[in-house]
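*Asks:* Letter 225 of the sequence shown, counting from 1, is numbered 225 in UniProt numbering, and no numbers are missing. Here a beta-carbon is modelled for each residue, glycine too, at the ideal position from N, C-alpha and C.
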Amino acid sequence: MADYLVIVESPAKAKTIERYLGKKYTVKASMGHIRDLPKSQMGVDVADKYTPRYITIRGKGPVLKELKTAAKKVKKVYLAADPDREGEAIAWHLAHSLDIDEKSDCRVVFNEITKEAIKESFKHPRSINMDLVDAQQGRRILDRLVGYNISPLLWKKVKKGLSAGRVQSVAVKMIIDREREIEKFEPEEYWSIDGHFLKDNDQFNGHFFRLDGEKVKLSNKEEVNHVLDRLKDNQFKIEKVEKKERKRNPALPFTTSSLQQEAARKLNFRARKTMMVAQQLYEGIDLGKKDGGITGLITYMRTDSTRLSETALKDGRAYISEQYGSEYLGENRKSKNANNAQDAHEAIRPTAVLREPSTLKSILSRDQYRLYKLIWDRFTASIMAPAVMDTMTVTLTQNGVEFRATGSKIKFKGFMKVYIEGNDDNKQEEYHFLPELEVGMVVDAAQIEPNQHFTQPPPRYTEARLVKTMEEKGIGRPSTYAPTLDTIQRRGYVTLDNKRFIPTELGEIVIELVIEFFPEIIDLDFTAKMESDLDEIEDGKTEWIQIIDNFYQNFEKRLEKAEKEMEKVEIKDEPAGEDCEKCGHEMVYKMGRYGKFMACSNFPDCRNTKPILKEIGVNCPSCKKGNIVERKSKKRRTFYGCDQYPECDFLSWEKPISRPCPKCDKMLVEKKAKKGTQIQCSNCDYKEEAQQ
Numbered sequence: 001m002a003d004y005l006v007i008v009e010s011p012a013k014a015k016t017i018e019r020y021l022g023k024k025y026t027v028k029a030s031m032g033h034i035r036d037l038p039k040s041q042m043g044v045d046v047a048d049k050y051t052p053r054y055i056t057i058r059g060k061g062p063v064l065k066e067l068k069t070a071a072k073k074v075k076k077v078y079l080a081a082d083p084d085r086e087g088e089a090i091a092w093h094l095a096h097s098l099d100i101d102e103k104s105d106c107r108v109v110f111n112e113i114t115k116e117a118i119k120e121s122f123k124h125p126r127s128i129n130m131d132l133v134d135a136q137q138g139r140r141i142l143d144r145l146v147g148y149n150i151s152p153l154l155w156k157k158v159k160k161g162l163s164a165g166r167v168q169s170v171a172v173k174m175i176i177d178r179e180r181e182i183e184k185f186e187p188e189e190y191w192s193i194d195g196h197f198l199k200d201n202d203q204f205n206g207h208f209f210r211l212d213g214e215k216v217k218l219s220n221k222e223e224v225n226h227v228l229d230r231l232k233d234n235q236f237k238i239e240k241v242e243k244k245e246r247k248r249n250p251a252l253p254f255t256t257s258s259l260q261q262e263a264a265r266k267l268n269f270r271a272r273k274t275m276m277v278a279q280q281l282y283e284g285i286d287l288g289k290k291d292g293g294i295t296g297l298i299t300y301m302r303t304d305s306t307r308l309s310e311t312a313l314k315d316g317r318a319y320i321s322e323q324y325g326s327e328y329l330g331e332n333r334k335s336k337n338a339n340n341a342q343d344a345h346e347a348i349r350p351t352a353v354l355r356e357p358s359t360l361k362s363i364l365s366r367d368q369y370r371l372y373k374l375i376w377d378r379f380t381a382s383i384m385a386p387a388v389m390d391t392m393t394v395t396l397t398q399n400g401v402e403f404r405a406t407g408s409k410i411k412f413k414g415f416m417k418v419y420i421e422g423n424d425d426n427k428q429e430e431y432h433f434l435p436e437l438e439v440g441m442v443v444d445a446a447q448i449e450p451n452q453h454f455t456q457p458p459p460r461y462t463e464a465r466l467v468k469t470m471e472e473k474g475i476g477r478p479s480t481y482a483p484t485l486d487t488i489q490r491r492g493y494v495t496l497d498n499k500r501f502i503p504t505e506l507g508e509i510v511i512e513l514v515i516e517f518f519p520e521i522i523d524l525d526f527t528a529k530m531e532s533d534l535d536e537i538e539d540g541k542t543e544w545i546q547i548i549d550n551f552y553q554n555f556e557k558r559l560e561k562a563e564k565e566m567e568k569v570e571i572k573d574e575p576a577g578e579d580c581e582k583c584g585h586e587m588v589y590k591m592g593r594y595g596k597f598m599a600c601s602n603f604p605d606c607r608n609t610k611p612i613l614k615e616i617g618v619n620c621p622s623c624k625k626g627n628i629v630e631r632k633s634k635k636r637r638t639f640y641g642c643d644q645y646p647e648c649d650f651l652s653w654e655k656p657i658s659r660p661c662p663k664c665d666k667m668l669v670e671k672k673a674k675k676g677t678q679i680q681c682s683n684c685d686y687k688e689e690a691q692q
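1. On a CA-only basis, which of His33, Cys642 and Asp685 is nearest Gln136? Give me that one, please.
2. Any idea what DSSP makes of Pro386, helix, strand or coil?
3. Distance check for Leu374 and Tyr686, CA to CA, integer angstroms please.
4. Using the rule of at least 16 other Cβ atoms within 10 Å of the residue's Cβ for burial, across every protein chain shown, is Val439 buried or exposed?
5. Can Ile7 and Ser30 be called in contact, C-beta distance under 7 Å?
6. Could you have a look at Gln612 and say whether DSSP puts it in helix, strand or coil?
7. Give me the residue from Gly540, Gln447, Lys273 and Ser258 with the minimum Cα distance to Asn234.
8. Smallest Cα separation from Lys237: which of Leu198, Thr359, Gln489 and Gly507?
9. Starting from Leu79, trace the beta strand (DSSP E) in both directions and tell me its first and last residue.
10. Could you give the DSSP three-state label for His33: helix, strand or coil?
11. Can you look up Gly577 in the DSSP assignment and give me helix, strand or coil?
12. For a quick check, are the C-beta atoms of Ala91 and Ile128 less than 7 Å apart?
13. Could you work out which residue in Tyr54, Lys73, Ala47 and Tyr50 is closest to Val27 when comparing CA atoms only?
14. Report buried or exposed for Pro187, applying the criterion of at least 16 other Cβ atoms within 10 angstroms of its Cβ.
15. Based on the DSSP output, what are the partners of Leu297 in its beta bridges?
16. Nearest to Leu231 by alpha carbon, out of Glu239, Leu37, Phe208 and Leu218?
17. Would you mind sorting Ile294 into buried or exposed? The rule is 16 or more other CB atoms within 10 Å of its CB.
18. Measuring only the C-alpha atoms, how far is Lys666 from Lys655?
19. Can you list, in chain order, the residues of its chain whose CB lies under 6 Å from that of Asn340, leaving out five sequence neighbours each side?
20. Go ahead and label Cys681 buried or exposed: buried means 16 or more other beta carbons lie within 10 angstroms of its beta carbon, across all protein chains shown.
21. Considering only C-alpha positions, which residue in the set Lys590, Ala445, Ala528 and Thr393 is nearest to Lys243?
22. Could you say which of Lys632, Lys266, Ile285 and Cys642 lies nearest to Arg370 if we only look at CA atoms?
23. Which complete alpha helix (DSSP H) runs does the stretch 449-514 hold, if anything under 4 residues is left out?
24. Can you list, in chain order, the stretches of the beta strand (DSSP E) that have 3 or more residues and sit fully within the UniProt domain "Toprim" (3-121)?
25. Taking the runs of the alpha helix (DSSP H) that are 4 residues or longer, which of them lie wholly in the stretch 510-566?
26. Out of Asp202, Gly617 and Tyr190, state which residue places its alpha-carbon closest to the alpha-carbon of Cys642.
27. Can you check which of these residues, Asp177, Trp544, Ser121 and Gly22, is closest to Pro83 by C-alpha distance?
28. Kindly indicate the opening and closing residues of the beta strand (DSSP E) around Trp653.
29. Based on Cα-Cα distance, which residue from Thr114, Lys157 and Val494 lies nearest to Asp291?
30. Ignoring anything shorter than 3 residues, give me the beta strand (DSSP E) runs that lie fully in the stretch 211-279, in order along the chain.
31. Is the number of C-beta pairs between the stretch 208-225 and the stretch 479-494 that are closer than 8 Å three or more?
32. Using the Cβ count rule (16 or more neighbours within 10 Å means buried), how would you classify residue 769?
33. Do Tyr419 and Arg378 have their C-beta atoms within less than 7 Å of each other?
34. Ordered along the chain, which non-local residues of its own chain (more than five positions away) have a Cβ less than 8 Å from that of Met130?
35. What would DSSP say about Gln644, mapped onto helix, strand or coil?
36. Would you call the CB atoms of residue 705 and Val167 closer than 7 Å?
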């Protein structure tokens with residue numbers, strides 16, 4: 001018979017921890033929260049100081065009964081939920097349900113699921129931190145007051161199934177605002193002049209920089225011609241050569257936000273998928289008996305801190321010194337956390353740097369391996385030496401016309417030997433070094449090339465960009481990003497097109513109503529201030545009831561006004577321009593979980609639905625009769641097929657283009673390349689230069 005009962009959230013975690021603790025401990029899983037506010041009603045007594053009315057979650061009765069039975073058989077119960085606000089609240093609810101004194105040393109927390117960390121954490125149990133519990137309660141109650149008051153209004157005035165919330169409404173508004181910026185954007189013309197220069201047999205490039213020592217704005221062809229008219233011949237004098245050594249520091253280790261962003265850029269993971277796979281790596285993977293059995297591979301994945309423990313730094317530095325040499329060791333850098341960072345625990349890192357990704361490839365799933373490698377690479381690089389670049393800037397002149405050429409090359413790779421941080425444009429850095437040039441030299445211009453450009457509108461938000469912007473503006477917290485992005489898509493407020501968010505008509509209608517009647521809910525500054533106020537509960541600086549009351553006094557008045565004045569909005573189905581082939585009624589556009597689709601207007605008598613086929617202006621190369629359309633696979637991956645399917649089964653994962661290959665006359669396709677999009681033949685080795 002065991003002496004102690006340990007309660008965690010998940011069975012995977014329970015299995016791992018029980019093996020580490022030994023026979024005196026029984027470890028069971030609560031499967032998340034045991035108690036919560038009821039789904040069918042508000043569950044908050046506003047008149048009684050916003051007292052929450054918690055109930056046992058439906059379906060959790062047998063779990064709670066099992067935990068109560070197990071608790072009676074042991075000397076002591078330890079509550080070991082995750083080390084964050086949510087985990088503290090789970091522990092508090094369990095203490096209440098199992099009659100455990102919350103002031104007793106019943107709470108155990110650990111940042112990683114390894115034998116050493118688990119054993120050490122049980123040496124230092126503590127009481128439940130009620131500031132953390134109140135911080136979670138405050139957020140939960142505030143979100144309930146907002147959601148359970150505004151959502152029924154939207155059901156009555158717009159349509160059933162809608163919702164509004166503190167963070168999700170702001171996220172949708174940000175996407176809508178960006179769309180408005182794009183719609184209002186007016187491109188402006190501007191020009192550049194590129195010079196292609198020759199020094200012996202070496203060609204290098206430069207660009208027009210100044211005229212008579214002054215910066216000149218090239219807004220049109222006339223201004224460009226004014227510069228070109230000053231050039232007398234193709235010879236340029238080297239006026240100035242500047243050589244420098246530049247250091248580049250590695251990126252800091254991952255926080256939840258930066259992990260979601262980088263996984264989106266490099267692995268094409270959605271935020272939700274990133275967190276799901278990270279949870280698996282944190283809770284433990286079976287490495288086999290020889291390598292320790294079930295082991296947690298990364299530290300806790302919900303964090304806004306870039307801090308690393310002394311042990312992790314020591315082990316990491318020893319590994320780098322042995323594998324790459326002492327010259328690759330970086331100096332101890334102080335972590336730079338965001339102003340609103342709680343710094344509750346470490347950055348996301350591997351639990352053991354010696355557990356190299358390559359040694360786990362046969363054990364992990366493809367997704368687990370790729371995410372683990374990303375985390376391992378980032379951590380290792382973060383404590384390595386800066387990269388050192390040799391840079392060279394050359395000024396070339398002729399008759400007052402000044403061109404400038406820049407080049408760089410890697411002198412010492414440093415951290416770049418392991419990892420380089422991605423960027424939102426997915427552009428890979430290139431390094432071009434200039435030939436040896438000296439002041440006074442004369443070089444020939446092989447070509448002077450003027451180029452017309454137009455300014456581009458701001459890009460639509462990708463998941464990575466939206467998470468980054470929300471973090472910068474203080475909207476939401478690490479644990480809320482993934483569920484927020486998931487919710488706004490499930491509600492049909494936004495769709496993803498080419499991995500970029502586009503607001504739907506429904507999303508715009510809902511946000512317009514929220515702006516009109518509840519402007520503070522949608523205000524970025526107000527929402528960020530509210531997040532900051534809620535964080536103060538966690539720090540013990542303020543009471544959650546006070547923050548809720550300050551908000552609700554004004555919110556209640558707006559709610560009464562909205563009940564009286566909000567007009568009913570009728571969303572009419574948009575005609576699709578074709579009839580149902582089953583019953584003859586008109587087909588209309590509907591909004592579903594994965595975006596728009598066509599459905600019969602005679603629903604529910606006729607349940608015919610069809611996907612919306614997007615033509616790309618290319619005839620089918622297989623049957624010659626149909627047109628190529630864009631389709632989605634079951635996993636939402638884009639592919640291209642013939643609209644005559646199933647008569648014609650043509651399929652291509654790359655986008656076909658309308659002209660044939662000049663070499664073999666077969667189909668040309670667009671293929672993603674490092675520099676953008678490349679045109680390739682589907683049959684032979686013909687390629688065209690990548691588009692910039």
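*Replies:* Let's see:
1. Taking the sequence shown and counting its residues from 1, one reaches residue 136 at position 136. The shortest Cα separation from Gln136 among His33, Cys642 and Asp685 belongs to His33.
2. Here the question's residue 386 lines up with position 386 in the sequence shown. In the three-state scheme derived from DSSP, where H, G and I count as helix and E and B as strand, Pro386 is classed as coil.
3. In the sequence shown, counting from the first residue as 1, residue 686 sits at position 686. In the sequence shown, counting from the first residue as 1, residue 374 sits at position 374. Looking at the two C-alpha atoms, the distance is approximately 34 Å.
4. Numbered from its first residue, the sequence shown carries residue 439 at position 439. Around the beta carbon of Val439, a 10 Å sphere encloses fewer than 16 other beta carbons of the protein chains shown; the residue is thus reported as exposed.
5. The count along the sequence shown starts at 1 and reaches residue 7 at position 7. The count along the sequence shown starts at 1 and reaches residue 30 at position 30. A distance below 7 Å separates the beta carbons of Ile7 and Ser30.
6. The residue labelled residue 612 in the question sits at position 612 within the sequence shown. With the sequence shown as reference, residue 612 is identified as Ile, and Gln is not the correct amino acid for it. Ile612: coil per DSSP, three-state reduction.
7. Within the sequence shown, residue 234 is the residue found at index 234, counting from 1. Closest option to Asn234, Cα to Cα, is Gln447.
8. Numbered from 1 along the sequence shown, position 237 holds the residue referred to as residue 237. Comparing Cα positions, the closest option is Leu198.
9. Along the sequence shown, one-based indexing puts residue 79 at 79. For Leu79, the enclosing beta strand (DSSP E) begins and ends at Lys76 to Leu79.
10. Here the question's residue 33 lines up with position 33 in the sequence shown. Collapsing the DSSP output to three states places His33 in coil.
11. Taking the sequence shown and counting its residues from 1, the one referred to as residue 577 is at position 577. Gly577 falls in the strand class under three-state DSSP.
12. The sequence position of residue 91 within the sequence shown is 91, counting from 1. The sequence position of residue 128 within the sequence shown is 128, counting from 1. With respect to Ile128, Ala91 sits close: the two C-beta atoms are nearer than 7 Å.
13. In the sequence shown, the residue the question calls residue 27 occupies position 27. For Val27, the nearest C-alpha among the options comes from Lys73.
14. Residue numbering aside, residue 187 sits at position 187 when the sequence shown is read from its first letter. With fewer than 16 other Cβ atoms within 10 Å, it is exposed.
15. If you number the sequence shown from 1, residue 297 lands on position 297. Looking at the DSSP assignment, Leu297 forms no beta bridge with any residue, so it has no partner.
16. Translated into positions along the sequence shown, residue 231 becomes position 231. Ranking Glu239, Leu37, Phe208 and Leu218 by Cα distance to Leu231 puts Phe208 first.
17. By one-based count along the sequence shown, residue 294 stands at place 294. So Ile294 counts as buried.
18. By 1-based counting over the sequence shown, the position of residue 666 is 666. By 1-based counting over the sequence shown, the position of residue 655 is 655. Each residue's alpha carbon lies about 14 Å from the other.
19. Sequence index remark: in the sequence shown, residue 340 carries index 340 (1-based). Bear in mind that the predicted position of Asn340 carries a pLDDT of just 47, short of 50, making it too unreliable to give a figure here.
20. Numbered from 1 along the sequence shown, position 681 holds the residue referred to as residue 681. Cys681 should be labelled buried.
21. On the sequence shown, residue 243 is found 243 positions in, with the first residue counted as 1. With distances taken between Cα atoms, Lys243 lies closest to Thr393.
22. Translated into the one-based positions of the sequence shown, residue 370 becomes position 370. Comparing Cα-Cα distances from Arg370 to each of Lys632, Lys266, Ile285 and Cys642, the minimum goes to Lys266.
23. The qualifying runs are 463-473 and 481-490.
24. As summarised for the UniProt domain "Toprim" (3-121), the continuous beta strand (DSSP E) elements at least 3 residues long and confined to that stretch are 4-8, 25-29 and 76-79, given in chain order.
25. Listed in chain order, they are 519-522, 524-538 and 544-565.
26. Residue 642 sits at position 642 when you count from the first residue of the sequence shown. That would be Gly617, whose Cα lies nearest to the Cα of Cys642.
27. Start at 1 with the first residue of the sequence shown, and residue 83 comes out as number 83. The residue with the shortest Cα to Cα distance from Pro83 is Ser121.
28. Residue mapping note: residue 653 aligns to position 653 of the sequence shown, counting from 1. If you look at Trp653, you'll find it isn't in any beta strand (DSSP E); DSSP assigns it neither H nor E.
29. Residue mapping note: residue 291 aligns to position 291 of the sequence shown, counting from 1. Here the closest residue by C-alpha is Thr114.
30. Runs of the beta strand (DSSP E) inside the stretch 211-279: 235-248.
31. Contact between the stretch 208-225 and the stretch 479-494 is absent: fewer than 3 CB-CB pairs across the two stretches fall below 8 Å.
32. Any answer about residue 769 is impossible in this case: the structure gives the chain only from 1 up to 692.
33. Looking up residue 419 in the sequence shown gives position 419. Looking up residue 378 in the sequence shown gives position 378. Annotated as proximal: Tyr419 and Arg378, with beta-carbon spacing under 7 Å.
34. In the sequence shown, counting from the first residue as 1, residue 130 sits at position 130. Excluding positions up to five away in sequence, the list reads Trp92 and Glu102.
35. If you number the sequence shown from 1, residue 644 lands on position 644. Residue state, collapsed to three classes: coil.
36. Because the chain here runs from 1 to 692, residue 705 falls outside it and cannot be looked at.
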